[in-house]
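Just so you know, the sequences run in chain order L and C.
Going from the first sequence to this note's numbering is simple: count from 1 and add 1.
Going from the second sequence to this note's numbering is simple: count from 1 and add 1040.
Even glycine gets a Cβ: it sits at the ideal position worked out from N, Cα and C.
The model shown is predicted, which means the values in this text are computed figures rather than measured ones.
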Amino acid sequence: MDAAPAPDLPDDLLPEPFRRWFAGRGWAPRAHQLELLAKARAGRSALLIAPTGAGKTLAGFLPSLVELSQRARARNSVRPPGVHTLYISPLKALAVDVARNLERPAAEMDLAVRIETRTGDTPASRRQRQRRDPPDILLTTPEQIALLLASGDGEALFGDLRRIVLDELHALAGSKRGDLLSLGLARLRALAPQAQTVGLSATVADPDTLRRWLVPQAREGEMGDVVIAQAGAAPELSMLDSVAHVPWAGHTARHSLKEIYALIAANTTTLVFVNTRMQAELLFQELWHINDANLPIALHHGSLDVSQRRRVEAAMGEGRLKAVVCTSSLDLGIDWGAVDLVVNVGAPKGSSRLMQRIGRANHRLDEPSRAVLVPANRFEVLECRAALEAVRAGAQDSAVIRTGALDVLAQHVLGMACAGPFAADDLYAEVISAEPYAGLVRQDFDDVLDFVATGGYALRAYERFARIRRMKDGRWRVANPEVAQQYRLNVGTIVEASMLKVRLAGAKSRFGGRVLGEVEEYFVETMSPGDTFVFAGEVLEYLAIVDEEVRVARSNAKEPKVPSYAGGKFPLSTFLAARVRALLADPAGWSALPGQVHEWLELQKLRSRLPGREDLLVETFPRGGRYHLVAYPFEGRLAHQTLGMLLTRRLDRAGLHPLGFMANDYALVIYGARDMSLAIQQGRLSLDALFDADMLGDDLEDWLAESALMKRTFRQCAVIGGLIERRFPGREKNARQVTMSTDLVYDVLRRHEPGHVLLRAARADAATGLLDIRRLSDMLTRIRGRIDHVALERVSPLAVPVMLEIGREMVAGGASEALLAEAEDELIREAMDGASDGGNGAGDGWRA
Amino acid sequence: MHRTAETARETDGGHDGTAVALAGVALVLDAAGALWWPAERMLIVADLHLEKGSSFAARGVPLPPYDSRATLTLLARIVERRRPRTLVALGDSFHDRGGADRLAGEERATLAALMRGCEMVWIAGNHDPDPVPGFGGICAEELRIGPLTLRHEPAVEPGEGEIAGHFHPVARVVVRGRSLRRRCFATDGRRLVMPALGAYAGGLNVRDAALARLFAPAYEAHLVGAARTYRIAHHACLPDR
């Protein structure tokens, strides 16, 4: 079923039982499977890049199975007591699934190999047994590795390790979870220098980074080998050319609903991907509204209750579903052979993500995957077009360049102290052998060490409360057993404190109903009792928060009052943004676009100007008694929000009274009470000065002082770094509550020790995370001296989408003081009107 | 878009404050979170929770050790501005019994300096039931002056003219889709519960039953802002999260 093995490989790579097994199934080993066997024989670590359906996992394990079968045969040798092969996956479900798939060839070839998983769900008795009597192959997750290494059993478990298999490495590298894994790998290599590492990855723009992951970074740029599997058939990709009017804004793709339904009906099993949980909820509802044939269509996203997700996955595995509406929750995961179509609703945001999703259809390599893109608005048509071209060219988003996070390093350092005493020099050498930390300077390492020991403050107040201490021989050890206990409770890089369970209030009482899933805390914060929202496929009424849970009731309302929440929204990738700009700048290519979109761009050209490939188009115009400034950086929503915050501050200082702003992935609009066209014309406002990169200095610092996003970022670093515990007393509901909020810690630390290592970690996160400062910085540098301003009489065609977002998702431009004053004013107005309950829903119906 | 962000203050607003009446006595809500009684030249602050950071550090949670400095700096500025004859700390001045001993030299000096120009009264709190040996001043369970009673924990009986702390009231409002949470004074004109002044003192929502039950049905919150307080009726404040 595949090409013959490459001719230059020795033909004895596969022992006889394996040949028979392949032959018995009518298979031939694939070239990349044999190549990995050859790498193993040569003692080389290697990265396997292969599309889904290429037998990637089996390729990763074949060398292990061969070695283990030969070892079992050599009866006279004593079986080494440790784990032979360690498999690490980003998903525990995947680890369990892979273990199951591995059992089959092992059983059929009668190999005496013990294969076991270890996840958060593994019972304590089995975990203990695994430590006493380790399996040959252990399948697990990065967090479990951290725990095992910190337990002190690392050497006994992994001293004999021969092979490490890292699955979906592209999904782990570049994240904090990846950082944690890389540090664990460094320790594994110290315990077992003989072990080889195999990385399994989808196609990536820069395989060299992943290749460096596989070997210690003793010398700069050292890399594992790479094996590239034969590409599968090219995917069949198209964009849905909807007959209906293409909306100006919004993300629901309602206009294409009938066409999506027809696609579901016409195929065996369809995965319908959307970008946010809210979109998943809405689309799922709408599909059921028109589901006259009662097709089994299910819903899957990360906020739904785990048991519900598992039921959907099981039904999928049994082929009982016609379609699943899902988010990135199904980007990775177990293979479902029956999926024959992927529908991506909304813009794909990045070409790599899109390719990953497309690969979820049809896991047979020799047949093309089929995918249909459904843009939800006009800009998304441009984005889909750019993405289609990128996928056809096989062009990937390049990964964001980042270095290993210091908060993760702090967690690891504490874990290593729990494992046993260490010398700082040795641990530093080990840490910089990990790819993400290869460039870590000694001073940063020492700061982290100091932080772990006593908090790392310039004011040396906590020496006697140290968590790790130096012994006489200079090595570091944990101060007491409670520290190790604390470490175990805090391990991991996923901070879930910001999610709240959603529970249906019972029929008779308000308590004890079914849990529907979880929502982000900040979403709940903007709601008042009585508000309705869509969740778990129904319209729900928000009643109250009870015992840290959101209590809801089913509502008869047809339309939810609270329109959306952004959970799981990804910003447009830099790579795709550049392609969209190029598409806009080249009218010759517009003929490939749907007629309405083509007309829209022609009209923009006529009425205003088109954004240049490298320029920044800025339009100013009056509308509805207000004055608007619209800029088109195409740098994604997060960077635009940060830019909007900073520009608003500057315009405020310039006396132009901005009232607010709104950002989407492509543009941002700032609106205010003063004529900005006039101010520019009279030279009172300079756009070059307004957009000067110096806004990333003091203005940014000022804003960060009160930015809720920054505080959220800090909280995550504080939890991961072990400054505060995951289950922190600040969340108690207790009348005598003396709470501690990380916001307060942030304020105090920022004022008194702005250079503290945790603040540095938080700033590094902000640069690439929620605030996307690095991208903003790159953009400001790019457009310096290239601002193309046009003053208009009225709104331009291109500005309409972002203008329509005003009022849809409010991002307040003003500082919080102005908002407090507004709340007070509202109260006064209310008092004057004689109303007793200001319609905020917080009337007497609620009592805590 | 935003989760509620709390803000610790060390800036001292410095406007004249908001006049309120409690049991007929004219008082001023100082924007920095203190209470000013002009007729008595008395400054009242609540729940300083000094050395809370080191209290956590002793339990393996090394919070930044700057909370006492931040709190005392703020207090010193208010004292500087108001020049009180009497300064009353309404209890929980130290986060635990060992707090006074852990207070570092520089902060001790700040405290001593701000006490120099006035008579200091330490009211006992539940965190510091026998307050503050060695810092001077008077220690008391409660203080009665004219129609007003100053104590740490509000009494069970509806206290006419009671000024208390203990609960660290905070109020939350949602304005234009943004949730704001601030420390606040809570009062119904008969009783007044003070906001905590301590940099690490968190808060209890004014809508929580434990606080709401202390007041007549129509109580209000005065939110502590950067330079002034903001008056919001209880029904316009939202329960937490």
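Chain L within 8 angstroms of residue i, Cβ atoms only
i, result
"Gly1174/C", "no"
"Tyr1259/C", "no"
"Pro1104/C", "yes"
"Ser1133/C", "no"
"Ser1095/C", "no"
"Gly1265/C", "yes"
"Val1119/C", "no"
"Ala1204/C", "no"
"Pro1209/C", "no"
"Gly1229/C", "no"
"Pro1194/C", "no"
Any C-beta of chain C under 8 angstroms from that of residue i
i, result
"Ala151/L", "no"
"Ala498/L", "Residue confidence is low: Ala498/L scores 46 on pLDDT, short of 50, so the model does not pin down where it sits. No coordinate-derived value is stated."
"Thr494/L", "no"
"Gly456/L", "yes"
"Leu415/L", "no"
"Glu464/L", "no"
"Val484/L", "yes"
"Leu460/L", "yes"
"Ile725/L", "yes"
"Arg468/L", "yes"
"Ile546/L", "yes"
"Gln487/L", "yes"
"Glu825/L", "yes"
"Leu181/L", "no"
"Leu517/L", "no"
"Leu541/L", "no"
"Ala250/L", "no"
Cβ neighbour criterion (16 or more within 10 Å) applied to residue i
i, result
"Ala459/L", "exposed"
"Gly121/L", "exposed"
"Trp28/L", "exposed"
"Lys259/L", "exposed"
"Arg783/L", "exposed"
"Ala113/L", "exposed"
"Gly698/L", "exposed"
"Ala709/L", "buried"
"Arg130/L", "exposed"
"Glu733/L", "For Glu733/L, the predicted structure reports a pLDDT of 37, less than 50, and the residue's modelled location is therefore unreliable. A value from the coordinates is still provided. The residue is exposed, with fewer than 16 neighbouring Cβ atoms inside 10 Å."
"Arg809/L", "For Arg809/L, the predicted model reports a pLDDT of 47, less than 50, meaning its position is unreliable and no value from the coordinates is stated."
"Asp207/L", "exposed"
"His658/L", "exposed"
"Gly626/L", "exposed"
Any non-hydrogen atom of the ligand NAD within 7 angstroms of residue i CB
i, result
"Arg468/L", "The ligand NAD is not part of this structure, which contains no ligands at all."
Problem set entry | Chain-ordered residues of the stretch 739-765 of chain L with a beta carbon less than 7 angstroms from chain C | If you check each beta-carbon in the stretch 739-765 of chain L against every beta-carbon of chain C, the ones closer than 7 angstroms belong to Val739, Thr740, Met741, Ser742, Asp744, Leu745, Val746, Asp748, Val749, Leu750, Arg752, His753, Glu754.
Problem set entry | Inter-stretch contact at 8 angstroms, needing at least 3 Cβ pairs: the stretch 160-179 of chain L / the stretch 58-71 of chain L | Enough Cβ pairs lie closer than 8 angstroms, so yes.
Exercise. Quick one: complete beta strand (DSSP E) runs, 3+ long, within the stretch 269-325 of chain L?
Worked result: 271-274, 298-301
Problem set entry | Segment contact flag, the stretch 1227-1246 of chain C with the stretch 1067-1087 of chain C, C-beta cutoff 8 angstroms, min 3 pairs | yes
Exercise. At which residue ranges does the stretch 204-277 of chain L contain complete beta strand (DSSP E) runs of 3 or more residues, listed in the order of the chain?
Worked result: Listed in chain order, the beta strand (DSSP E) elements of length 3 or more contained wholly in the stretch 204-277 of chain L are 226-229, 237-240, 271-274.
For this session: Select from the stretch 670-692 of chain L all residues with a C-beta closer than 9 angstroms to any C-beta belonging to chain C, and list them in chain order.
Result: none
Exercise. Quick check: the stretch 788-803 of chain L against the stretch 744-751 of chain L, are there 3 or more CB pairs under 8 angstroms?
Worked result: no
For this session: Could you list the residues in the stretch 636-650 of chain L with a C-beta less than 7 angstroms from some C-beta on chain C, going in chain order?
Result: Flagged: no residues at all.
For this session: Determine which residues of the stretch 279-312 of chain L have a Cβ less than 9 angstroms from any Cβ of chain C, and write them out in chain order.
Result: none
Exercise. Do the stretch 1115-1130 of chain C and the stretch 1193-1201 of chain C meet, that is, are 3 or more Cβ pairs less than 8 angstroms apart?
Worked result: no
Exercise. Using a beta-carbon distance cut-off of less than 9 angstroms, what residues from the stretch 1053-1080 of chain C approach chain L?
Worked result: Along the stretch 1053-1080 of chain C, there is no position whose C-beta sits under 9 angstroms from a C-beta of chain L.
Exercise. Within the chosen definition, does the stretch 122-142 of chain L reach the stretch 169-177 of chain L through at least 3 CB pairs nearer than 8 angstroms?
Worked result: no
Exercise. Per the contact definition of three or more C-beta pairs closer than 8 angstroms, is the stretch 716-726 of chain L in contact with the stretch 752-765 of chain L?
Worked result: yes
Exercise. Quick one, which residues of the stretch 1238-1249 of chain C are near chain L if we go by CB-CB under 8 angstroms, in chain order?
Worked result: Ala1239, Tyr1240, Ala1241, Gly1242, Gly1243, Leu1244, Asn1245, Arg1247, Asp1248, Ala1249
For this session: Note down, in chain order, all residues in the stretch 1149-1170 of chain C with a beta-carbon under 9 angstroms from any beta-carbon belonging to chain L.
Result: Asn1166, His1167
For this session: May I ask you to verify whether the stretch 412-424 of chain L touches the stretch 471-491 of chain L, counting CB pairs closer than 8 angstroms and requiring at least 3?
Result: yes
Problem set entry | Start-end ranges of the alpha helix (DSSP H) lying completely within the stretch 585-651 of chain L, minimum 4 residues | Under the rule that a run must span 4 or more residues, the alpha helix (DSSP H) segments found entirely inside the stretch 585-651 of chain L read 596-608.
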